[in-house]
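Below you'll find the structure, written out as structure tokens, and then a few comments.
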Amino acid sequence: MPGPTKQDERGLTIRIPDHKGPHVDLGYAKYVGSTLDGGVNRFVGMRYAAPPVGDLRWRAPAAPPTSNSRQQAKEFGPICLGISAGYPTSSEDEDCLFVNVWAPKGASSNSKLPVWLFIQGGGYVTNSNANWDGEEVVRKSGNNIVFVNFNYRVSMWGFLASSKVQDNGTLNAGLLDQRFLMEWVKTHIASFGGDPNNVIIHGASAGAGSVALHLTAYGGRDDNLFTAGIAESVFFPAQPFVPQLEYQFDRLVNATNCSTASDQLSCLRALDTKTLQTHNVPSPFPGRTEAPLPHFYWTPCVDGDLIQDLPYNLFARGALVDVPLLFGNDNDEGRSFASNAASSDDMVNFLRNNYPLLTANDTADVVDMYPLEPAAPEHEAWFPSTSTAYGEATFICPAISILKAYAAQGRSGNDTDTSTDSGSGSGNDTKLWLYRYNVLDDDNAARGLGVPHLWESYAVFGPANLAGQAAPQSYLTYNAPVVPVVMDYFLSFVRTRDPNTLRAPGAPAWGAWGAWGGDAAAAATNGTRLVLETNNTRMEEVGGAQAARFR
Numbered sequence: 001m002p003g004p005t006k007q008d009e010r011g012l013t014i015r016i017p018d019h020k021g022p023h024v025d026l027g028y029a030k031y032v033g034s035t036l037d038g039g040v041n042r043f044v045g046m047r048y049a050a051p052p053v054g055d056l057r058w059r060a061p062a063a064p065p066t067s068n069s070r071q072q073a074k075e076f077g078p079i080c081l082g083i084s085a086g087y088p089t090s091s092e093d094e095d096c097l098f099v100n101v102w103a104p105k106g107a108s109s110n111s112k113l114p115v116w117l118f119i120q121g122g123g124y125v126t127n128s129n130a131n132w133d134g135e136e137v138v139r140k141s142g143n144n145i146v147f148v149n150f151n152y153r154v155s156m157w158g159f160l161a162s163s164k165v166q167d168n169g170t171l172n173a174g175l176l177d178q179r180f181l182m183e184w185v186k187t188h189i190a191s192f193g194g195d196p197n198n199v200i201i202h203g204a205s206a207g208a209g210s211v212a213l214h215l216t217a218y219g220g221r222d223d224n225l226f227t228a229g230i231a232e233s234v235f236f237p238a239q240p241f242v243p244q245l246e247y248q249f250d251r252l253v254n255a256t257n258c259s260t261a262s263d264q265l266s267c268l269r270a271l272d273t274k275t276l277q278t279h280n281v282p283s284p285f286p287g288r289t290e291a292p293l294p295h296f297y298w299t300p301c302v303d304g305d306l307i308q309d310l311p312y313n314l315f316a317r318g319a320l321v322d323v324p325l326l327f328g329n330d331n332d333e334g335r336s337f338a339s340n341a342a343s344s345d346d347m348v349n350f351l352r353n354n355y356p357l358l359t360a361n362d363t364a365d366v367v368d369m370y371p372l373e374p375a376a377p378e379h380e381a382w383f384p385s386t387s388t389a390y391g392e393a394t395f396i397c398p399a400i401s402i403l404k405a406y407a408a409q410g411r412s413g414n415d416t417d418t419s420t421d422s423g424s425g426s427g428n429d430t431k432l433w434l435y436r437y438n439v440l441d442d443d444n445a446a447r448g449l450g451v452p453h454l455w456e457s458y459a460v461f462g463p464a465n466l467a468g469q470a471a472p473q474s475y476l477t478y479n480a481p482v483v484p485v486v487m488d489y490f491l492s493f494v495r496t497r498d499p500n501t502l503r504a505p506g507a508p509a510w511g512a513w514g515a516w517g518g519d520a521a522a523a524a525t526n527g528t529r530l531v532l533e534t535n536n537t538r539m540e541e542v543g544g545a546q547a548a549r550f551r
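For the sequence shown, position 437 matches number 437 in the UniProt record's numbering, and the numbering has no gaps at all.
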């Protein structure tokens with residue numbers, strides 16, 4: 001809550017610094033946080049990097065400024081500017097690289113608590129999961145974890161790509177922000193009671209795609225920044241090479257009158273935030289002119305350094321960090337994104353607008369693979385098929401393909417800490433787990449949305465803890481029993497790198513990927529997953545028509 005205020009000499013209301021609360025000294029700054037009910041300290045709005053403005057635009061993140069005065073860490077900082085967002089606004093800004101920490105009261109550098117590091121999503125074009133509240137998961141852990149979330153640059157500010165940016169800046173600045181934050185955690189999390197050598201990265205949507213990219217970063221180089229990974233709905237949009245994205249840079253410099261400048265990038269850096277943000281909008285991909293516009297106009301690119309090749313290629317050849325993984329998806333991922341297609345032509349148009357390299361032969365194959373499905377309420381005839389095709393290609397196939405790649409190469413999510421073994425009944429030593437979330441909500445069903453993208457997040461963090469999103473009534477009533485089951489699986493994985501060790505009483509053992517196969521070859525083709533349903537959570541084999549489509 002806002003602190004006390006007073007009138008200054010001009011008659012303006014200013015806030016009086018409130019130095020009551022827990023303190024932390026990070027070397028470059030001292031912060032004062034808040035103590036919440038349940039013995040949890042909260043520090044929010046702390047800088048982890050310098051403001052990425054002016055000459056620091058489209059460069060790697062830099063060290064935060066130093067301050068000798070005590071700083072307030074009681075209010076969230078602004079999130080990073082997203083695509084099509086207005087400016088100025090109180091909630092979004094170019095100066096946005098802030099981190100938030102929830103930690104048990106009384107935890108010290110000797111506590112060495114596991115660290116849950118959450119990477120928010122938003123399709124790389126917004127910070128759409130900002131400031132989700134970590135208090136409940138810390139409390140439900142018995143005050144035995146530290147929870148961290150943060151902002152990173154997105155849209156034009158985080159993913160502008162061009163040879164000019166590559167020559168005098170950095171590509172994939174938003175991913176480098178994430179990497180820089182991981183280094184910050186490595187350096188500073190002990191001050192909050194966390195163990196810098198036991199950090200579990202967890203992403204949702206584009207954050208889950210980011211987890212996958214960090215698994216293959218720098219060709220799979222292990223910089224000891226994390227010890228396990230969680231991914232809700234791994235997001236793999238088109239991942240272009242730099243030459244394929246020059247048109248975005250050209251459009252921007254033309255729109256801002258920088259096209260004739262001798263140094264176009266310096267011209268862009270000299271512009272004010274409002275001018276640039278006006279042009280932070282989606283456009284059709286080259287060769288596409290029809291509506292709808294692409295959902296995700298700005299994305300990471302293959303830069304030859306951080307991302308050395310297409311992610312699928314990197315996983316296939318074993319260029320990856322081998323750590324325990326917990327991946328999963330919602331049953332109807334694509335229904336939050338698909339166009340309301342009335343015909344197969346509408347379906348093809350939507351897919352080509354979002355995946356512009358698809359050929360006519362490709363889309364003909366897609367239509368064959370995803371024929372007309374049963375109708376969905378409030379939608380046109382081809383909406384369900386379009387949703388299934390987009391959801392599987394963009395979110396479901398990536399998760400399954402990544403685990404298949406680990407298993408096919410005999411990678412097992414290597415974990416040298418044998419104290420976390422749970423006797424989960426997996427039948428092998430694989431530390432790879434997959435889920436399918438199928439918790440139905442009557443309102444979603446009535447609107448034809450099924451079990452949509454990231455629907456499990458209300459259970460992972462607690463229904464009331466997704467900032468700006470009201471708790472769905474079903475999670476407070478008939479779906480309430482699934483919340484502790486889901487949360488405890490996740491908390492168990494964070495604390496022990498195994499979802500079974502501390503699972504909820506009565507919850508079934510979560511068999512590892514390939515548990516029914518018994519060897520690497522079988523695991524690569526006959527994976528297993530947990531189906532999360534209210535009062536009906538169970539194991540199933542990944543197979544049949546869906547598995548056949550992932551080729």
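Beta carbons: idealized from backbone N, C-alpha and C, even for Gly. All values reported here derive from a predicted model rather than from experimental measurement.
Coil, strand or helix - residue i by DSSP
| i | result |
| --- | --- |
| Val494 | helix |
| Thr170 | coil |
| Pro240 | coil |
| Leu215 | helix |
| Ile230 | strand |
| Lys112 | coil |
| Thr359 | coil |
| Ser34 | strand |
| Val44 | strand |
| Leu326 | strand |
| Asp345 | helix |
| Ser419 | Low local confidence applies: a pLDDT of 41 at Ser419 is under 50, so the model's placement there is unreliable, with the coordinate-based value given in what follows. Three-state DSSP puts Ser419 in a helix. |
| residue 583 | No information on residue 583 is available, as it lies outside the stretch 1 to 551 that the chain covers here. |
| Gly53 | The question names Gly, yet the displayed sequence has Val at residue 53. If DSSP states are grouped into helix, strand and coil, Val53 belongs with coil. |
| His188 | helix |
| Gln308 | coil |
| Pro484 | helix |
| Phe350 | helix |
| Val321 | coil |
| Glu183 | helix |
| Thr394 | helix |
| Ala364 | helix |
| Gly512 | According to the sequence provided, residue 512 is Ala. The question's Gly does not apply to it. It is coil, neither helix nor strand. |
| Ala504 | coil |
| Asp223 | coil |
| Ala206 | helix |
| Ile469 | Ile is not the amino acid found at residue 469; the sequence shown has Gln there. The answer is coil: DSSP assigns Gln469 none of H, G, I, E or B. |
Where the beta strand (DSSP E) through residue i begins and ends
| i | result |
| --- | --- |
| Gln71 | Arg70 to Gln72 |
| Arg529 | Thr528 to Leu532 |
| Lys404 | Where Lys404 is concerned, there is no enclosing beta strand (DSSP E), although the alpha helix (DSSP H) it sits in stretches over Cys397 to Ala408. |
| Asn149 | Val146 to Phe150 |
| Arg436 | Leu432 to Tyr437 |
Delimiting residues of the alpha helix (DSSP H) encompassing residue i
| i | result |
| --- | --- |
| Pro311 | Pro311 to Ala316 |
| Arg538 | Looking at the DSSP string, Arg538 is not in any alpha helix (DSSP H); the run it does join, the beta strand (DSSP E), is Arg538 to Glu541. |
| Gly391 | Phe383 to Gly391 |
| Lys140 | Glu135 to Lys140 |
| Asp442 | Asp442 to Ala446 |
| Val460 | Ser457 to Phe461 |
| Val253 | Glu246 to Ala255 |
| Gly158 | Ser155 to Phe159 |
| Gln473 | Gln473 to Leu476 |
Cβ distance (whole Å) where residue i is taken to contact residue j below 8 Å
| i | j | result |
| --- | --- | --- |
| Phe493 | Leu326 | 5 Å |
| Ala342 | Ser387 | No, Ala342 and Ser387 are not in contact; Cβ-Cβ is about 14 Å, not under 8 Å. |
| Val154 | Val185 | Actually they do not touch by this definition, with Cβ atoms about 20 Å apart. |
| Asn144 | Arg495 | 6 Å |
| Val146 | Phe192 | 5 Å |
| Val451 | Val439 | 6 Å |
| His202 | Ile230 | 4 Å |
| Ala29 | Gln71 | 5 Å |
| Gln277 | Ala408 | At roughly 45 Å, the Cβ-Cβ gap does not stay under 8 Å, so Gln277 and Ala408 are not in contact. |
| Gly390 | Gly334 | The question names Gly, yet the displayed sequence has Tyr at residue 390. Rounded, the Cβ-Cβ distance is 4 Å, consistent with contact. |
Bridge partner(s) assigned by DSSP for residue i
| i | result |
| --- | --- |
| Ile200 | Trp116 and Ala228 |
| His23 | Val32 |
| Val302 | Phe241 |
Residue i beta carbon near the ligand MG (any heavy atom closer than 8 Å)
| i | result |
| --- | --- |
| Ala291 | This structure does not include the ligand MG; it has no bound ligands of any sort. |
At 3 residues or longer, and completely inside the region 64-105: list those beta strand (DSSP E) runs for me, N to C. 70-72 and 98-104
In chain order, which continuous runs of the alpha helix (DSSP H) of length 4 or greater are located wholly inside the region 259-297? 264-270 and 273-278
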